[in-house]
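J.: Per this note's numbering, the very first residue in the sequence shown carries number 1; after that it's consecutive.
Virtual Cβ for every residue (Gly too), placed ideally from N, Cα, C.
Just dropping this structure here.
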Amino acid sequence: MRKYKVGLALSGGSVKGLAHLGAIKAFEENDIEINVMSGVSAGSLIAALYADGNSVEQILAFFKKAKFFDMVDFNFNIFKGKGGGLTAVRPFKEKLKNMMRSRTFEDLNIPIVVSATDLIEGHTAYFSSGELIEPLIASSSVPLLFNPVKIDGKLYIDGGIMSNIAATVLREDCEHLVGIHVNPICRQEVTTGIASVSNRVFDLVINGSSTESEKAVCDMIINTEKACKYGMFGTDKADEIYKIGYEAAMEMLLNQGWASKLKC
């Protein structure tokens, strides 16, 4: 008998991570209890906020109110070799702390595992106990755009750099492991502008890591290809992205028969 019946592994994907909320809503409507979660980057934020006891609707509203330039401090010292990123996320960190009741992993209603990349050692690090907020910020710290996060003397950046989904870490403990991949590679028009190129390069990097091998250990994968057209930011499309996640999950749960398997 394994420790958990149903585990969810939530991928990174920046604003496309809001598709996770739609998928979770589909699980709720089918009376499927989520017993454990892992998260990478945006997936770690969704997992933590949900495990904290916030409803899908509350989390969606939180991100819809989030405006990029209100969430960061620009780091002008980067040109002096300080900081490591164009922005610091102190404002977002404070908003996240205000949104969450939990301060440690142990405070959460559902156990979660957060993935980040150890910048010095060059491998994936997993956090599942102790202080909560710093690992969440580390897991979501897109390199060069955001400053690395120091935890216990080590520097960490976005977990998606090594793998955009963290499934292996849950595999042995879960009877059924569901991966939700909101950032699949698909054809995309790219301009020569720095924002367009940077967004595309980041998508290619995180999907060219060990993502496929992580997906392979899942019993079921929910892909949200329709979300490919959205960039890294822009929560004005939040409702559309949410709907894509909801419909993709419903397709797998109902039309492919997974709902009965996950409930029995």
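#1: Got a sec, what are the start and stop residues for the alpha helix (DSSP H) PHE63 sits in?
#2: Look up GLY266 in the DSSP assignment and say whether it is helix, strand or coil.
#3: By how many angstroms is the C-alpha of ALA26 removed from the C-alpha of ALA9?
#4: Is there at least one non-hydrogen atom of the ligand FMN closer than 8 Å to the beta-carbon of LYS97?
#5: Going by the beta-carbon positions, is the gap between ILE112 and SER128 smaller than 9 Å?
#6: May I ask you to list the residues that DSSP assigns as paired with SER115?
#7: Cα separation between LYS97 and ALA47?
#8: Would you say MET99 and PHE62 are within 9 Å of each other, going by their C-beta atoms?
#9: Tell whether a beta-carbon distance below 9 Å holds between HIS176 and ASP219.
#10: Pick helix, strand or coil for GLU121, following the three-state DSSP scheme.
#11: Which partner residues of VAL178 appear in the DSSP bridge assignment?
#12: Using a Cβ-Cβ cutoff of less than 6 Å, which residues in the same chain neighbour LYS261 once the five nearest sequence positions on both sides are dropped?
#13: Looking only at DSSP bridge pairs, what is ILE151 linked to?
#14: Could you name the residues of the same chain whose beta carbon sits closer than 7 Å to that of ALA227, not counting the 5 residues immediately before and after it, in chain order?
#15: Could you tell me the alpha carbon to alpha carbon distance between GLY84 and ALA216, rounded to whole angstroms?
#16: Determine, using beta-carbon pairs with one atom in the stretch 161-176 and one in the stretch 113-132, whether at least three such pairs fall under 8 Å.
#17: Evaluate ALA249 with the Cβ neighbour count: other Cβ atoms within 10 Å of its Cβ, from every protein chain shown; 16 or more gives buried, anything less gives exposed.
#18: Are SER140 and LEU45 closer than 9 Å when you measure CB to CB?
#19: Express the C-alpha separation of LYS237 and LYS229 in angstroms, rounding to a whole number.
#20: Which residue wins for smallest C-alpha separation from GLU225, given the options GLU247, THR211, GLU214 and THR235?
#21: Could you tell me the alpha carbon to alpha carbon distance between LEU66 and GLY43, rounded to whole angstroms?
#22: To the nearest angstrom, how far is it from the Cα of ALA51 to the Cα of LEU108?
#23: Can you give me the C-alpha to C-alpha distance between MET252 and ARG103, rounded to a whole angstrom?
#24: Quick one, are the C-beta atoms of ILE120 and LEU144 less than 9 Å apart?
#25: Since ILE59 and ALA116 should fall inside the 8 Å C-beta cutoff, what is the C-beta to C-beta distance between them, to a whole number of angstroms?
T.: For this structure:
#1: 56-65
#2: Residue 266 falls outside the range modelled here, since the chain spans only 1 to 264, and no answer is possible.
#3: 15 Å
#4: As far as ligands go, the structure on display features none, and thus does not contain the ligand FMN.
#5: yes
#6: VAL40 and TYR126
#7: 15 Å
#8: yes
#9: yes
#10: coil
#11: LEU8 and MET220
#12: none
#13: LYS154
#14: LYS16, ALA19, VAL182, ILE241 and ILE244
#15: Its pLDDT being 44, under 50, GLY84 is placed unreliably in this model, and the coordinates cannot settle the point.
#16: yes
#17: buried
#18: yes
#19: 11 Å
#20: GLU247
#21: The displayed chain sequence assigns Ala, not Leu, to residue 66. If you take the alpha carbons of ALA66 and GLY43, they lie about 16 Å apart.
#22: 6 Å
#23: 34 Å
#24: no
#25: With a Cβ gap of about 21 Å, ILE59 and ALA116 do not count as contacting.
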